[in-house]
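Below is one structure, written out as structure tokens; the observations come after it.
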Amino acid sequence: MVNEDPNQQEQNGTPAQDPALRVDHSASGHQSVSTHPSVSMHPSVSAHPSVSIHPAVSARPSSSAHPSMLAQSGGLARPSSSCPEDLSVIKVSKRRWVVVLLFSCYSMCNAFQWIQYGSINNIFMHFYGVSAFAIDWLSMCYMLTYIPLLLPVAWLLEKFGLRTIALTGSALNCLGAWVKLGSLKPHLFLVTVLGQIICSVAQVFILGMPSRIASVWFGANEVSTACSIAVFGNQLGIAIGFLVPPVLVPNIEDQDKLAYHISIMFYIIGGVATLLFILVIIVFKEKPKHPPSRAQSLSYALASPDASYLSSIVRLFRNLNFVLLVITYGRQPWWSTS
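Quick note on my numbering: the sequence shown kicks off at 27 and runs consecutively.
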């Protein structure tokens with residue numbers, strides 16, 4: 027009769043375990059309940075049914091196994107997806123050479139139109155019946171338009187990107203070439219002035235692009251080569267402008283024959299400018315699919331739409347090396363013409 031009392035069995039050191047408590051212990055795995063002395067040895071706790079079947083104790087998983095905590099800890103261990111190294115693949119595009127060569131070609135076309143009057147100024151003086159000073163201003167208008175439009179066009183390049191500026195420059199270059207075809211009469215000198223002014227505005231949309239094309243499209247070890255190719259096109263156009271016009275337009279007295287030879291030169295330039303404009307529409311893209319360098323990748327990731335263009339210009343002119351470069355490069359045309 028003594029052995030039948032459950033309390034006596036527990037006092038003798040052989041407690042009778044409730045089956046519900048045994049199942050709950052194996053399912054929950056909660057170490058604080060099964061191993062703590064105050065829980066395992068105290069009779070009132072081990073035998074009380076509220077401990078073995080209460081869902082708050084036996085069914086609730088521990089904090090170490092909680093799914094939200096596991097996901098949170100996994101998220102802390104995972105690298106941040108906002109890091110540019112994870113989001114960007116550094117890869118150069120095969121299109122980059124086509125882009126820089128196309129730009130170099132329409133820059134060459136624009137430079138040719140700049141010097142085509144000056145290389146045969148005596149012929150145009152005779153054809154239009156104007157002074158040498160008036161013919162010289164057909165070249166000087168390039169410099170005159172560049173000064174006030176440089177900063178606005180640089181802002182447009184920053185605001186709208188490469189493709190928009192390339193299309194604008196190429197379109198103006200093409201338009202100016204075709205306007206000149208309306209000046210094949212001696213009394214239409216103002217029409218050729220208008221066409222040359224349009225080409226001079228196109229020049230402003232061209233000269234600021236080489237460095238941007240090189241940085242956006244080319245890898246770190248190709249930037250200098252790309253800049254050289256882009257700038258070389260403009261210099262080559264000047265050289266061709268000194269060589270080709272004397273060949274196409276001979277110095278003759280007959281006004282009709284002279285107008286015919288001038289029209290051949292204008293038609294060639296108009297056709298080339300039109301072809302280049304069509305190619306710019308088809309080929310020229312804003313930027314490649316992947317950034318070509320780590321620096322360009324970071325510029326995409328860290329670009330701020332709130333950045334002030336004026337503050338950037340002010341900060342640039344506070345750089346002594348930049349100011350010295352501007353002065354040196356600005357004196358170059360004066361040295362070459364004096």
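All residues carry an ideal CB built from backbone N, CA and C; glycine is no exception. Just so you know, these numbers come straight off a predicted model, no measurement behind them.
Buried versus exposed call for residue i [16 or more other C-beta atoms within 10 Å across all chains shown]
i: Leu216; result: exposed
i: Val273; result: exposed
i: Ile191; result: buried
i: Gly245; result: buried
i: Val340; result: exposed
i: Gly155; result: exposed
i: Leu177; result: exposed
i: Gly221; result: buried
i: Gly356; result: exposed
i: Asn199; result: buried
i: Ser165; result: buried
i: Leu16; result: No answer is possible for residue 16: the residues shown for the chain start at 27 and end at 364.
i: Val309; result: exposed
i: Val352; result: exposed
i: Leu346; result: exposed
i: Pro318; result: buried
i: Thr354; result: exposed
6 Å Cβ shell around residue i - same chain, five flanking residues per side excluded
i: Thr218; result: Lys206, Ser209
i: Phe137; result: Looking at the sequence shown, residue 137 is not Phe but Ala. Closer than 6 Å at the Cβ level, and outside the excluded window around Ala137, lie Asn260, Gly263, Ile264.
i: Asn277; result: Ile149
i: Ser119; result: Pro314
i: Leu21; result: With the chain covering 27 to 364 only, the question about residue 21 has no answer from this structure.
i: Val249; result: Ala240
i: Thr194; result: Phe231
i: Leu175; result: Val230
i: Gly39; result: Only weak support exists for where Gly39 lies, its pLDDT of 46 falling under 50; the value from the coordinates is given anyway. If we look at Gly39 and ignore the five residues flanking it on each side, it has no Cβ neighbours.
i: Ser289; result: Leu210
i: Thr300; result: Cys200
i: Lys117; result: His316
Opening and closing residue of the alpha helix (DSSP H) in which residue i lies
i: Tyr143; result: Premise fails: Tyr143 is in no alpha helix (DSSP H) and is neither H nor E.
i: Val118; result: Taken as a continuous stretch (DSSP letters only), Val118 belongs to no alpha helix (DSSP H), as it is neither H nor E.
i: Phe215; result: 215 to 233
i: Ile7; result: Absent from the structure is residue 7, since the part of the chain shown begins at 27 and ends at 364.
i: Asp282; result: 281 to 309
i: Ile278; result: Here Ile278 belongs to no alpha helix (DSSP H), and DSSP marks it neither H nor E.
i: Gly195; result: 188 to 205
i: Ser157; result: First-last for Ser157: undefined, no H or E at that position.
i: Ser241; result: 236 to 243
Short Cβ contact (8 Å threshold) for residue i with residue j
i: Cys226; j: Tyr132; result: Residue identity differs from the one stated: residue 226 is Ser in this sequence, not Cys. Cβ atoms of Ser226 and Tyr132: not closer than 8 Å.
i: Ile161; j: Tyr143; result: yes
i: Val179; j: Val126; result: no
i: His316; j: Val115; result: yes
i: Phe153; j: Ile239; result: no
i: Ala203; j: Gly296; result: yes
i: Phe303; j: Ala197; result: yes
i: Cys253; j: Pro236; result: yes
i: Arg320; j: Trp243; result: no
i: His287; j: Val298; result: no
i: Gln281; j: Pro212; result: yes
Contact set for residue i: own chain, Cβ-Cβ below 7 Å, skip 5 residues either direction
i: Glu312; result: Gly187, Leu188, Arg189
i: Ile224; result: Leu198, Leu201, Gly202, Val205
i: Phe343; result: Val349
i: Ser145; result: Gly267, Phe268, Pro271, Pro272
i: Leu214; result: Gly208
i: Gly234; result: Val179, Ala180, Leu183
Neighbourhood of residue i by C-beta, 8 Å cutoff - its chain only, sequence neighbours within 5 removed
i: Ile255; result: Val126, Leu127, Ser130
i: Asn147; result: Ala158, Ile161, Asp162
i: Met291; result: Gln142, Val270, Pro271, Leu274, Val275
i: Tyr293; result: Leu207
Residue i CB to nearest heavy atom of the ligand NAP below 7 Å
i: Arg189; result: As presented, the structure is devoid of all ligands, the ligand NAP included, so that no description of it is given.
Any chain E beta carbon closer than 8 Å to residue i
i: Pro276; result: Included in the structure is just one protein chain, with no chain E present.
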